[in-house]
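J.: Going down the list, the protein sequences come from chains P and L. Sequential numbering from 1199 applies to the first sequence in the numbering used here. Sequential numbering from 901 applies to the second sequence in the numbering used here. Even for Gly, the Cβ is constructed at its ideal location relative to N, Cα and C. Keep in mind it's a predicted model, so treat the numbers as computed, not measured.
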Amino acid sequence: MLKKRVIPILQLNDDELVKSIKYKNHKYVGDPINVVRIFNEIQVDEIILLDVFQSKKSLDLNYEIIKDIADECRMPFTYGGGIKNLDQVEKLFSLGVEKISINTSALENHEFIKTLSKVFGSQSIVVSVDIKKDFFGKRKLYNWKKNKMLSEDIQDQIRKYVEFGAGEILINDVSNEGSLSGFDFSMLELIEKKINVPIIVNGGINSYEQINKILQNDNVDAVGVGAFFIYYGPHRAVLISYIQEEERKIIK
Amino acid sequence: MINIIKSGVGNIGSIVRVLEDLDYEYKIVNKPQDFSNTKKIILPGVGSYDSFINSLIQNKLLEEIKYLVLKEKYSILGICVGMQSFFLNSEEGSSIGFGFIDDKCKKFKNNTKKVPHIGWNKVNIKKKSNLFNDIKNNYFYFAHSYAVFETDKEFTTSTTNYIEDFASAISQNNIYGVQFHPEKSFDQGKQIIKNFIEKC
């Protein structure tokens, strides 16, 4: 039986781990290497690391710190942030990254997904989709680099990504991200049954019950968790944690 | 020194780290002259089938590995696409593999479940193999869309179920392959690599 995955999502800025609320107010949470060591000890299913401001910078990727993190990871490691070309991806894989996640460059250039999946195989390509509520509470695709809501249909967009060779789709609820206010289960209605690649959902999770409940949904394969595994208590004290084996009720 | 093949898009970082953890000496091989005379080769695979095989051909490694394995009796461990390359060919591409084993790789029929098969899944041992000595936890990490579905043949060491049963580990003489990623599967994965180096 394939286990459904619970994946800590970490945000990087320069060589520090940070955590945002709704993609704003990024606060320092710690040293990435230390945090990865803790996740090694706990034996988490996977890790996703997103270099959050990289897509807004013109600089090349932060390979030195990515390599240090990959060196430390004893579990599968997905990197995302600022990926624009094949050379970068080749370099990332050579450093020990298992999967790469693209977001802005997928929005801007569908052909890039095709090329990536042709060269590296779709099993290593995650396409990340940001979704945000507009002024009227309607969910829209969101371009974080341009801080802009997009008019394209969300489900159409996801279908296109899969058709072009995305191996996994990571769906982020930006309106809820980092808020610890609870996952909005209506997000799951966006996921069509016919999407036949693994789906990871992320945003606002604040309890083990929620994790289990999300994973009971047949269309969801994995859940991404940020703040809930990073903070403890009402004052957001940094304390790295994970779901205990006995609290995991779900095996696919 | 254990020979680790670095060809094209290969992810060798994770394998190197496991060998360092286990205190083995290794050599990174990207051309035929690089091979050490330690008769162990690890062939990690990342990338699509064609890009993987083509980079082996371009670096003149395909023929050299074939020679070392078949004539010089080097033991080889293929990982993921590395294992798939031991067969004749794959539905993923048009290249010809090593052909050590007379079978082929096919795509999962994804009418019921999602493809790629990504995550932690159970490995069921079918045939005694030193590769699986002292393995206590038999969940390993997989990430693939293609597999070898022959599960009742002599070469099948273990099977795993996803949509249908497939060969998750194979062995034939000095040739070993795993469809999962031991280098990303915590202690149980490390043990597989240790077993290959010490007992295969």
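Compute the distance between the beta-carbons of Lys992/L and Ser948/L, then report whether it is under 8 Å.
T.: By one-based count along the second sequence, residue 992/L stands at place 92. By one-based count along the second sequence, residue 948/L stands at place 48. The amino acid at residue 992/L is misidentified as Lys; the sequence shows Glu. Yes, Cβ-Cβ distance for Glu992/L and Ser948/L is below 8 Å.
J.: Below 8 Å between beta carbons: does that hold for Ile1403/P and Phe1383/P?
T.: As a working mapping, residue 1403/P is identified with position 205 in the first sequence. As a working mapping, residue 1383/P is identified with position 185 in the first sequence. No.
J.: Would you list, in chain order, the members of the segment 1437-1448 of chain P that have their beta-carbon closer than 7 Å to a beta-carbon of chain L?
T.: Residues passing the 7 Å Cβ filter: none.
J.: For Tyr1041/L, which residues in chain P fall below 9 Å Cβ to Cβ?
T.: On the second sequence, residue 1041/L is found 141 positions in, with the first residue counted as 1. Asp1243, Glu1244, Met1273, Pro1274 and Glu1296, listed in chain order.
J.: Leaving out the 5 sequence neighbours to the left and right, which residues in its chain are closer than 6 Å to Ser1218/P when beta-carbon positions are compared?
T.: For the purposes of this step, residue 1218/P is taken as residue 20 along the first sequence, with counting starting at 1. The residues are His1224 and Gly1376.
J.: By how many angstroms is the C-alpha of Val981/L removed from the C-alpha of Val918/L?
T.: Position 18 of the second sequence, counting from 1, holds the residue named residue 918/L. Position 81 of the second sequence, counting from 1, holds the residue named residue 981/L. Taking the straight line joining both Cα atoms gives about 19 Å.
J.: I need the boundaries of the beta strand (DSSP E) containing Ala1304/P, first residue and last residue.
T.: As a first step, residue 1304/P must be located in the first sequence, where it is residue number 106. That residue, Ala1304/P, is in no beta strand (DSSP E); its alpha helix (DSSP H) goes Thr1302 to Glu1306.
J.: For Glu925/L, which option in Asn937/L, Gln933/L, Ala1069/L and Ala1047/L has the closest C-alpha, if you only look at C-alpha atoms?
T.: Within the second sequence, residue 925/L is the residue found at index 25, counting from 1. Per the Cα distances, Asn937/L.
J.: Using beta carbons (cut-off 8 Å, strictly below), is Glu1366/P in contact with chain C?
T.: Absent from the structure is chain C; the protein chains it does hold are P and L.
J.: As an exercise, report each continuous beta strand (DSSP E) stretch of at least 3 residues that is fully enclosed by the segment 985-1034 of chain L, in chain order.
T.: Runs found: 1004-1007 and 1017-1022.
J.: Just tell me which of Val1227/P, Asp1258/P and Gly1422/P has its CA closest to the CA of Ile1281/P.
T.: Here residue 1281/P corresponds to residue number 83 of the first sequence, with the count starting at 1. Out of Val1227/P, Asp1258/P and Gly1422/P, Asp1258/P has the C-alpha closest to the C-alpha of Ile1281/P.
J.: Return the CA-CA distance between Lys1099/L and Gln1088/L, expressed in angstroms with no decimal places.
T.: Here residue 1099/L refers to the residue found at position 199 when the second sequence is read from its first residue. Here residue 1088/L refers to the residue found at position 188 when the second sequence is read from its first residue. If you take the alpha carbons of Lys1099/L and Gln1088/L, they lie about 16 Å apart.
J.: Taking only beta-carbon atoms, is Gln1414/P less than 8 Å away from chain L?
T.: Translated into the one-based positions of the first sequence, residue 1414/P becomes position 216. Not one chain L Cβ lies under 8 Å of Gln1414/P.
J.: Measuring only between beta-carbons, confirm whether Lys931/L sits less than 8 Å from chain P.
T.: To locate residue 931/L, count along the second sequence from 1; it is residue 31. Answer no: the Cβ-Cβ gap between Lys931/L and chain P never drops below 8 Å.
J.: Please list the residues of the segment 1219-1236 of chain P that have a C-beta atom closer than 8 Å to any C-beta atom in chain L, keeping them in chain order.
T.: Listed in sequence order: no entries.
J.: Within 10 Å of its beta-carbon, does Glu1387/P have 16 or more other beta-carbons around it, so buried, or fewer, so exposed?
T.: Counting from 1 along the first sequence, the entry for residue 1387/P is found at position 189. The residue is exposed, with fewer than 16 neighbouring Cβ atoms inside 10 Å.
J.: Going by CA-CA distance only, name the one from Gln1414/P, Val1418/P and Lys1391/P that's closest to Asn1400/P.
T.: Sequence index remark: in the first sequence, residue 1400/P carries index 202 (1-based). The shortest Cα separation from Asn1400/P among Gln1414/P, Val1418/P and Lys1391/P belongs to Val1418/P.
J.: How big is the Cα-Cα spacing for Asp1002/L and Glu1050/L?
T.: Position 102 of the second sequence holds residue 1002/L. Position 150 of the second sequence holds residue 1050/L. Cα to Cα, Asp1002/L sits roughly 11 Å from Glu1050/L.
J.: Compare the beta carbon distance of Ser1068/L and Phe1080/L with 8 Å and say whether it is the shorter of the two.
T.: Here residue 1068/L refers to the residue found at position 168 of the second sequence. Here residue 1080/L refers to the residue found at position 180 of the second sequence. Going by C-beta atoms, Ser1068/L is nearer than 8 Å to Phe1080/L.
J.: In or out: Met1273/P buried (at least 16 other Cβ within 10 Å) or exposed?
T.: Looking up residue 1273/P in the first sequence gives position 75. By the neighbour-count rule (16 or more Cβ atoms within 10 Å), Met1273/P is buried.
J.: Given 8 Å as the limit, is there contact between the segment 1009-1019 of chain L and the segment 1347-1357 of chain P, that is, 3 or more CB pairs closer than that?
T.: Segments in contact, no.
J.: Tell me whether Ile1267/P sits in a helix, a strand or coil according to DSSP, three-state version.
T.: Here residue 1267/P refers to the residue found at position 69 of the first sequence. Three-state DSSP puts Ile1267/P in a helix.
J.: Checking 8 Å against the spacing of the C-beta atoms, do Ile1329/P and Asn1370/P come in under that value?
T.: The residue labelled residue 1329/P in the question sits at position 131 within the first sequence. The residue labelled residue 1370/P in the question sits at position 172 within the first sequence. Cβ atoms of Ile1329/P and Asn1370/P: closer than 8 Å.
J.: Since Val1250/P contacts Leu1210/P with CB under 8 Å, what's their CB separation in whole angstroms?
T.: Taking the first residue of the first sequence as 1, we reach residue 1250/P at position 52. Taking the first residue of the first sequence as 1, we reach residue 1210/P at position 12. At roughly 7 Å, the Cβ-Cβ gap stays under 8 Å, so Val1250/P and Leu1210/P are in contact.
J.: What distance in whole Å lies between the Cβ atoms of Ser914/L and Lys1084/L, which are believed to be in contact at a cut-off of 8 Å?
T.: Within the second sequence, the letter at position 184 stands for residue 1084/L. Within the second sequence, the letter at position 14 stands for residue 914/L. Yes, they are in contact, since the Cβ atoms of Lys1084/L and Ser914/L sit about 6 Å apart, within 8 Å.
J.: With DSSP collapsed to three states, give me the class of Ile1398/P.
T.: For the purposes of this step, residue 1398/P is taken as the residue at position 200 of the first sequence. Ile1398/P: strand per DSSP, three-state reduction.
J.: Over what stretch of residues does the beta strand (DSSP E) that includes Asp921/L continue unbroken?
T.: What you label residue 921/L is simply residue 21 of the second sequence in a count that begins at 1. Taken as a continuous stretch (DSSP letters only), Asp921/L belongs to no beta strand (DSSP E), being part of the alpha helix (DSSP H) at Gly913 to Asp921.
J.: Terminal residues of the continuous beta strand (DSSP E) containing Glu1366/P?
T.: Numbered from 1 along the first sequence, position 168 holds the residue referred to as residue 1366/P. From DSSP, the beta strand (DSSP E) with Glu1366/P extends over Glu1366 to Asp1371.
J.: Determine, using beta carbons only, whether Val969/L comes closer than 8 Å to chain P.
T.: Looking up residue 969/L in the second sequence gives position 69. False, the Cβ-Cβ gap to chain P never drops below 8 Å.
J.: Please work out which residues of its chain come closer than 8 Å, Cβ to Cβ, to Asn903/L, disregarding the five sequence neighbours upstream and downstream, and give them in chain order.
T.: Reading the second sequence from its first residue, position 3 is the one you call residue 903/L. Correct list, in chain order: Tyr926, Lys927, Val929, Asp934, Phe935, Ser936, Thr938, Lys940, Ile941, Ile942 and Tyr974.
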